[in-house]
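If you read the protein sequences in the order shown, they are chains F and B. Positions in the first sequence are counted from 1; adding 191 to them yields my numbering. Positions in the second sequence are counted from 1; adding 191 to them yields my numbering. The beta carbon of each residue, even a glycine, is placed where N, CA and C say it ideally should be. Here is the structure we will look at.
Number of protein chains: 2
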Amino acid sequence: MKQLLLLIDRIISRVNVNLEEFGFDVGPFINASTNLAKMLDYYASYAVTSKHPLKLQFSNSNIAASYFLGKCMVNRSVVYKSDVRGDELKRKGETIVFGSKELPLVEDEVITIRDSFLFRTLIHSKSHNLETPEEFFIRNTVAGHFSNIHGSTMEGCYLGVFATVDQMSLHSCIVGEFSYVQAEELFHRAIKPGTVWIANESFSFQYTYQEDVLKRYVALDESFRPVGLLIDFVESRKSDFERLFSQVNMDVLDTPQSSTVNRFALIKGKTRIGKNVLICQRAYLENAEMGVGSNAQENTYIINSTLSGYNVTAHGAKIINSTLGEKIFVAFNCFLNGKIGARIDIGAGCIIMPHTIIDAEEPITIPGDHLVWGFIGSQGDLMTNSISLDELEKMTEVTVGSMSFHGDGKVFVNAFRKRFEHILELNGAYFTKGKNRGHAQSDQSASFNMIQPYRTGPNRGIYPTITIEP
Amino acid sequence: MKQLLLLIDRIISRVNVNLEEFGFDVGPFINASTNLAKMLDYYASYAVTSKHPLKLQFSNSNIAASYFLGKCMVNRSVVYKSDVRGDELKRKGETIVFGSKELPLVEDEVITIRDSFLFRTLIHSKSHNLETPEEFFIRNTVAGHFSNIHGSTMEGCYLGVFATVDQMSLHSCIVGEFSYVQAEELFHRAIKPGTVWIANESFSFQYTYQEDVLKRYVALDESFRPVGLLIDFVESRKSDFERLFSQVNMDVLDTPQSSTVNRFALIKGKTRIGKNVLICQRAYLENAEMGVGSNAQENTYIINSTLSGYNVTAHGAKIINSTLGEKIFVAFNCFLNGKIGARIDIGAGCIIMPHTIIDAEEPITIPGDHLVWGFIGSQGDLMTNSISLDELEKMTEVTVGSMSFHGDGKVFVNAFRKRFEHILELNGAYFTKGKNRGHAQSDQSASFNMIQPYRTGPNRGIYPTITIEP
């Protein structure tokens, strides 16, 4: 096990060098959060299909986890329970247009992860860093539990628990717990916990959680352990997943031909899967009604809820005791926590902003085509935490409750709508008569391979060097 | 699947070119025996430990199977359900002495399998080919069901069902069904089915089964399908193994610390495992009493039987309704088929020659320290199928029944005893107080990795190219 301990120490010191200016030490967090027994015990699995360019290489690492669909190289890192779905990596022969410049790609894009410790971390592959278009890199970075690196290159960063960094580049930054940031490129910045910040040349959107509210949901305690209702929620359902990892072949759910339920998704109770539905790795469905073209992405939970159709449930979103109309975008890490006597009812066409918490004390009804953000406990909270999309489109300056928006409202709304439709298309929500094929139709043919680390000697817990090519 | 079909065709034509002189066509056999559905469905698993030099590479192949412990490279081949246990490969730095010549090894020895189709085939790694000491190769070869390539390099050969080629080199040869050959080196020879032949400069031993007897146990029917009692025996127990391959972690048997039961061995009924016992991959134990230091090698079956201690059950041997004293060597592919009312009782120190069939119509008792061979149905058959080892040691020429022996009896008996003791030592049968460690003590720490072929497209059934290094 000596090599594994050395590896972890080496990562801590490298990240700390990058965050020196903040006087920040990732050591206590890593040491409090590392579960060595599980790192030694868990195995890794990766998916292989005939449709994804294949190149996987793992060396000097612990990769106790998951699925790496697409080209990915991991070196001197701990990638613990990660998905790293690389199915949107750019490919050789494509040309990227950047302003008036054209960048023809001479090789397939590869995700490279080096000297990093990523706890239960998703990495989605649509990189927006055009400076190194063939390499999507994550280096010298520590990412906390359920943090979400989505198409973002990273250098020398620390992401807190449940933090999301979306489609941008980040250099020597700290992103606080439950913060969401999508701001093109940031250098040497510390983002306060509970910040939701979207900024580009056309607009900026900002909301920050009140400290006492945030603390109830996500925080680190005095011994640097993640605590709060969101952690409790996820931890209490963790053991359910274990049976998925103890069998090679799972029972097949009654699923339409045009839909995919990932072999590592957990399906319980009376769950119904409609056509063109995509249920990803580590999604948790219990008494879920998944309407046509809906999806449940990695690390989502859909419990006692109905999704009418063409709904996007983005990474880490949780939908409980809720009824959703059609075409609703529930963005990253939302926590829609309806109760049996206090359901959440959301009208068609709504955009629930990333990291929104709706913890219903009473029944809550959200009218259609609204933008929703921040913390909502009651129907009355909607006053300060939502706005009609029609209204927003006409505005350039809005302050509602703790949210402030500057810029072109129409461009902002369109950007979200475009992304929403793009996700539906990619996922195959509109598949019909052999056309508009997407993940829901193609992921079915993945084969899963499973690998384990050395079980004895100084390399205990380290995986052998493995290279997989076509 | 196109590539898999092309691969099989290519192997057929290459092997046929090598066997041209015999007018032999492996095509009908391959085509009758290939179960494409299973090749597509089964996964492969390989073991990794901290103690074996690691280098595995699979390319352009279907390797639906097993465990490859040790360095092994497979290219353009079908290795279907094989074990390929490479744990006795020679290592860098060792020096091989050949007469007065010394060969220092500059690299670890590697098993290379190319352009070959090996059905459910074991390959054990103690190569005796000194011409290429760093490469143990199998090329342009087809090996039938349950055939056994044991430390033998092969070029352009066809091995029939249940044939064994032991510690030798074979070039452009045919080895008939259920034949055993250990003859140092052979070129362009066809060995008749049911031959047991051991020859070197000091002695030769030969026995050939009567055609009508052999036909009852192993043969090919007119459509080239393997048939007979041995095939039936194995086939009828095949489905029992399936659950081993559908779970990642198996229930742990109550096994002494100093013993190993492989995770892919099948244990049923009241089976007891003594100290220093080694139960290998794909061994089948049912109501088996395994005394101290006993082993059950790959593809063995031990049913309703007692092994008193320090017993070797070599690859493919079957022991049913039998009681064995101590230190009995049941060699490759023996079929000791006792019945409930007709048990087989074997005295201590016996050597049951490879490919011996004892199919008891009545209780059979074999006195200790005897050599036993050929077909035995009754107590009376022992007259023509056994000899006291003491007696044999004094002789240079013996003909008993259909067996003929020439050469130095003492050298012959000692060679078997030496090999027997060597197997016990390697397997850790004599482990005590931390000393004399062997496979029974070290195999416990293997981690198992599982891989699957492409599931769609032209490469369906072909595995991605995988390289595994330390």
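Residue i classed as buried or exposed, judged by whether at least 16 other C-beta atoms fall within 10 angstroms
i              : result
K281 (chain B) : buried
K509 (chain B) : buried
K459 (chain F) : exposed
A223 (chain B) : exposed
Q448 (chain F) : exposed
N670 (chain B) : Because chain B is modelled from 192 through 661, residue 670 (chain B) falls outside the range shown and cannot be assessed.
D357 (chain F) : buried
A334 (chain F) : buried
V208 (chain F) : exposed
P295 (chain F) : exposed
D581 (chain B) : exposed
V275 (chain B) : buried
I531 (chain F) : exposed
F476 (chain F) : According to the sequence provided, residue 476 (chain F) is Leu. The question's Phe does not apply to it. So L476 (chain F) ends up on the buried side.
T466 (chain B) : This sequence places Lys at residue 466 (chain B); Thr is not what is there. Under this definition K466 (chain B) is a buried residue.
P545 (chain B) : buried
M574 (chain B) : exposed
H336 (chain B) : buried
T587 (chain F) : exposed
F249 (chain F) : buried
Inter-residue CB distance, residue i and residue j (contact presumed, cutoff 8 Å)
i              : j              : result
G538 (chain F) : G559 (chain F) : 3 Å
H597 (chain B) : S577 (chain B) : The pair is not a contact, with the Cβ atoms about 18 Å apart (cut-off 8 Å).
T451 (chain F) : A620 (chain F) : 12 Å between Cβ atoms; not a contact.
I422 (chain B) : V404 (chain B) : Wrong, their Cβ atoms sit about 15 Å apart, outside the cutoff.
Y234 (chain B) : I642 (chain B) : 6 Å
N486 (chain F) : N618 (chain F) : 5 Å
A523 (chain F) : A505 (chain F) : Strictly speaking, residue 523 (chain F) in this sequence is Phe, with Ala absent from that position. That belief holds up - the Cβ atoms of F523 (chain F) and A505 (chain F) are roughly 5 Å apart, short of 8 Å.
I555 (chain B) : V563 (chain B) : I555 (chain B) to V563 (chain B), Cβ: 10 Å. No contact.
M264 (chain B) : T303 (chain B) : 5 Å
Terminal residues of the alpha helix (DSSP H) in which residue i lies
i              : result
F639 (chain F) : Per DSSP, F639 (chain F) belongs to no alpha helix (DSSP H); it is in the beta strand (DSSP E), 638-642.
A228 (chain B) : 227-232
M574 (chain B) : 573-576
K406 (chain F) : 402-408
A223 (chain F) : 218-224
N207 (chain B) : 193-209
A631 (chain B) : 630-633
S427 (chain F) : 420-427
G600 (chain F) : 600-617
D536 (chain B) : Element bounds for D536 (chain B): not the alpha helix (DSSP H) but the beta strand (DSSP E), 535-537.
Identified DSSP bridge partners for residue i
i              : result
P447 (chain B) : Note: P447 (chain B) sits in no beta bridge, so no partner.
P295 (chain B) : B:T286
K509 (chain B) : B:Y492, B:F526
Q248 (chain F) : F:M264, F:T658
G568 (chain F) : Beta-bridge pairing links G568 (chain F) to no other residue.
K459 (chain B) : B:E477
A390 (chain B) : B:S395
H341 (chain B) : B:H315, B:D357
V452 (chain B) : B:I470
Residue i - containing beta strand (DSSP E), residue span
i              : result
Q373 (chain B) : 371-373
Y271 (chain F) : 269-271
E660 (chain B) : 656-660
I548 (chain B) : 548-550
E433 (chain B) : Premise fails: E433 (chain B) is in no beta strand (DSSP E) and is neither H nor E.
E588 (chain B) : 588-591
### Task
Determine which residues of the region 627-641 of chain B have a Cβ less than 8 Å from any Cβ of chain F, and write them out in chain order.
Residues passing the 8 Å Cβ filter: S636, A637, S638, F639, N640, M641.
### Task
Return the residues of the region 641-659 of chain F that lie within a Cβ-Cβ distance of less than 7 Å from chain B, sorted by chain order.
Cβ contacts with chain B come from M641, I642, Q643, P644, Y645, R646, T647, G648, N650, P655, T656, I657, T658, I659.
### Query
Closer than 8 Å, Cβ to any Cβ of chain F: which residues of the region 233-259 of chain B, in chain order?
Look at the region 233-259 of chain B: the residues with a C-beta under 8 Å from a C-beta of chain F are Y234, V239, T240, S241, K242, L245.
### Message
If the cut-off is 9 Å on Cβ atoms, which residues from the region 441-470 of chain B count as contacting chain F, listed in chain order?
### Response
With the criterion set as a beta carbon lying under 9 Å from some beta carbon of chain F, the region 441-470 of chain B has no members that meet it.
### Query
Name the residues in the region 546-558 of chain F whose C-beta lies less than 7 Å from a C-beta of chain B; which are they?
Answer in chain order: no residues at all.
### Query
Which residues, in chain order, does the region 315-342 of chain F contribute to contact with chain B at a C-beta distance below 8 Å?
Those residues of the region 315-342 of chain F that come within reach of chain B (Cβ to Cβ, closer than 8 Å) do not exist; the list is empty.
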